[in-house]
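Note sheet for the following structure.
There are 2 protein chains.
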Amino acid sequence: MPKIKTSKEEVLKKVIPILRSRGVQNSSMSELSKACGIQKSHFYYYFSNKEDLIREVLATVHSYFNYNLFKIIESNTLSLNEKVLKMKLLLDKLFRASDGGCIMANTALETIHLDPTYKKEIQSFFKDFILGLQRLLEVHHSTEKALLLAEQMVQDIEGGILLMQIYDDPKYLNNAMKRTETAILNL
Amino acid sequence: MPKIKTSKEEVLKKVIPILRSRGVQNSSMSELSKACGIQKSHFYYYFSNKEDLIREVLATVHSYFNYNLFKIIESNTLSLNEKVLKMKLLLDKLFRASDGGCIMANTALETIHLDPTYKKEIQSFFKDFILGLQRLLEVHHSTEKALLLAEQMVQDIEGGILLMQIYDDPKYLNNAMKRTETAILNL
DNA sequence: ATTATTTTAACGAACGTTCAGTAAAATGCC
DNA sequence: GGCATTTTACTGAACGTTCGTTAAAATAAT
Chain A
716 MPKIKTSKEE VLKKVIPILR SRGVQNSSMS ELSKACGIQK SHFYYYFSNK EDLIREVLAT
776 VHSYFNYNLF KIIESNTLSL NEKVLKMKLL LDKLFRASDG GCIMANTALE TIHLDPTYKK
836 EIQSFFKDFI LGLQRLLEVH HSTEKALLLA EQMVQDIEGG ILLMQIYDDP KYLNNAMKRT
896 ETAILNL
Chain B
716 MPKIKTSKEE VLKKVIPILR SRGVQNSSMS ELSKACGIQK SHFYYYFSNK EDLIREVLAT
776 VHSYFNYNLF KIIESNTLSL NEKVLKMKLL LDKLFRASDG GCIMANTALE TIHLDPTYKK
836 EIQSFFKDFI LGLQRLLEVH HSTEKALLLA EQMVQDIEGG ILLMQIYDDP KYLNNAMKRT
896 ETAILNL
C-alpha cells in the first residue's frame, strides 16, 4: 500500500467536533481539511462532495450512539440503576464534552428548511433516542406512558443542551438528566 | 422613480421569517433584499452591515415578545386560566406560525460558538421567557420551585419545537404546552 | 509499470460590502 | 408662490475574498 497519511475514518473523527460546534454551513472545506492536516482537494478522494461528507458524519454519529445505547439497554447483567448511570455517561460524552452540544439537533435546525438531505437520518436518530429511553421507562410504566415520557425527556434534554450553551452552565442539562433518572427509576 | 418604497421597520418585518427558517448564515443579503423588493446595496442605508441587521432583528423579536408576554402576566383583569390561554397563543404565533421555529434558539445554536455578538440578546430573551413562566407558576408554587419548573418548561418547549420541525408534527410542542398549563394551574 | 494516495493550481459562482450616481422630497430664500 | 439648494431614498455596477469543486501533476508502494 502507498504511504497513508490519513484514512477516511480518521477524517470523519477529526471533522465531527468542528461540525458540531461551528455548524455545517460555517465549516468550510478549507477549514475542515486544515484540521485534518490535508489539502482540501483530498477530501474529494474520500467523499464525492460536502453533502456526502456531512451525510457520512451523521451516519457515523448515529451508529456510534445506537451501538452504545442499545448495548447498555439490552444488557442482561446490568441493573436498572447501572443502566441509567451508563446512559448518562454516554449522553454526557455525546452532548456535553467540548463545545457544540448535539450535532443532530444543530444540523436539524440549520438545514431542515433548506435541504431535506439529512432529514431522514436525523429523524432516525431521534426515533432511536426516544425508543431507548422508552425501553428503560417501560420497567416501571406502561408502554404508552413510557413513550410519552420518553418524548418529554428527549425534549427536556435537548432544551437543556440549548440553555447549557447559551448560559455556559451545565446545570440545565444536569437537571434534565436528573429528571430522566427519576422517571426511569420511578422515584 | 425613487419614491419611498420601504422603511427600516418594513424591512425588519419582512426579513424575520426568512432568517428564522433559513438561518443567519444561509440567508444572503441578496436573498433578503429580493424579499424586500429592494437592491441589496440599499440595506447598507439602513444597517451598517449584516451583523447589525441581525442584531436589530433579534432586538425587535425580543421586544415584541416581552411587551406581549408581560402585558398578559401583569394584567389585573385576566384570570390565571385566561393568562395561560393567551400565553399559549403568543407562543404559537412566535414558534409555530409558518416554518422555522424559534429564531432565538436557531440563532443561538448557529452562532454562539463562532461569534459572541448575539449572545447577550439571546441570554436576555431566555431570561425573560423563564421569568415570565416563573411569575405564572408562583401562583401555586414557591419561588424556588417556580424557577426550576419554569426552566424545565422552557427546555420542554424548545425541545418540542425541535422535534416538531424534525417530524413535521405539532404534537411535540402541543404536549409541552399542555404540561406547562398543567404545572401553572396546578392540576 | 501500475496503482493508490496526495498536492498544486485553477475554476466559476456567490459572498458581504463599497461607491458614484440619480430622482424625488423637503427645505430655505425671495 | 416660484425657484434654488440640500437631504433623503434608492439603484446598478463593481470590489476583493471565499466558497465548493475539478483536473492534472507529483509522489509513494506494490
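For the record, the sequence lines run as chains A and B. Okay, so the first sequence: first residue is 716 according to this note's numbering, each after it adds one. Okay, so the second sequence: first residue is 716 according to this note's numbering, each after it adds one. For every residue, glycine included, the Cβ atom is placed at its ideal position computed from N, Cα and C. What you are looking at is a predicted structure, and each value in this text was computed from that prediction instead of being measured.
Rounded C-alpha distance that separates residue i from residue j
i       : j       : result
M716(A) : L734(A) : Only weak support exists for where M716(A) lies, its pLDDT of 36 falling under 50; the value from the coordinates is given anyway. Looking at the two C-alpha atoms, the distance is approximately 31 Å.
G738(B) : C817(B) : 11 Å
D871(A) : L888(B) : 12 Å
E771(A) : H777(B) : 37 Å
Y882(A) : Q838(B) : 7 Å
N752(B) : T895(B) : As written in the sequence, residue 752(B) is Gly, which differs from the Asn given in the question. For G752(B) and T895(B), the distance between alpha carbons rounds to 41 Å.
L824(B) : D814(A) : 11 Å
K866(B) : L829(A) : Note on residue identity: the sequence assigns Glu, not Lys, to residue 866(B). In a straight line, the C-alpha of E866(B) is about 30 Å away from that of L829(A).
Y782(A) : D843(A) : 11 Å
T905(A) : K834(A) : Residue 905(A) lies beyond the range of chain A shown here (716 to 902); nothing can be said about it.
I719(B) : I876(A) : 45 Å
I845(A) : T721(B) : 47 Å
M802(A) : N764(B) : 45 Å
Minimum Cβ-Cβ distance from residue i to chain A less than 7 Å
i       : result
M716(B) : With a pLDDT of 46 at M716(B), under the threshold of 50, the predicted position of this residue should be treated as unreliable, though the coordinate-derived value follows. No, M716(B) lies away from the interface with chain A (no Cβ there is under 7 Å from its Cβ).
I733(B) : no
I818(B) : no
E825(B) : yes
N791(B) : no
N741(B) : yes
Contact set between residue i and chain A, taken where Cβ atoms lie within less than 7 Å
i       : result
H828(B) : S736, R737, D814, G815
D871(B) : Q867, Q870, D871, G874
Interface residues of chain B facing residue i [CB-CB closer than 8 Å]
i       : result
E866(A) : L878, Y887, N890
Short CB-CB distance (under 7 Å) between residue i and chain B
i       : result
G874(A) : yes
N821(A) : yes
D807(A) : no
Q849(A) : no
N764(A) : no
Within chain A, partners of residue i - CB distance below 9 Å
i       : result
Q838(B) : I881, Y882
As assigned by DSSP and simplified to three states, the class of residue i
i       : result
R735(A) : helix
P885(B) : coil
V726(B) : helix
L747(B) : helix
E853(B) : coil
S794(B) : coil
Q740(A) : coil
K720(B) : coil
S778(B) : helix
Q754(A) : coil
Contacts of residue i in chain B (Cβ-Cβ under 9 Å)
i       : result
F841(A) : L877, L878, I881, Y882
Query raised in the report: What are the complete alpha helix (DSSP H) segments, minimum 4 residues, inside the segment 797 to 827 of chain B?
Result: When DSSP assignments are scanned along the segment 797 to 827 of chain B, the uninterrupted stretches of alpha helix (DSSP H) that are 4 or more residues long and fall wholly within it turn out to be 818 to 826.
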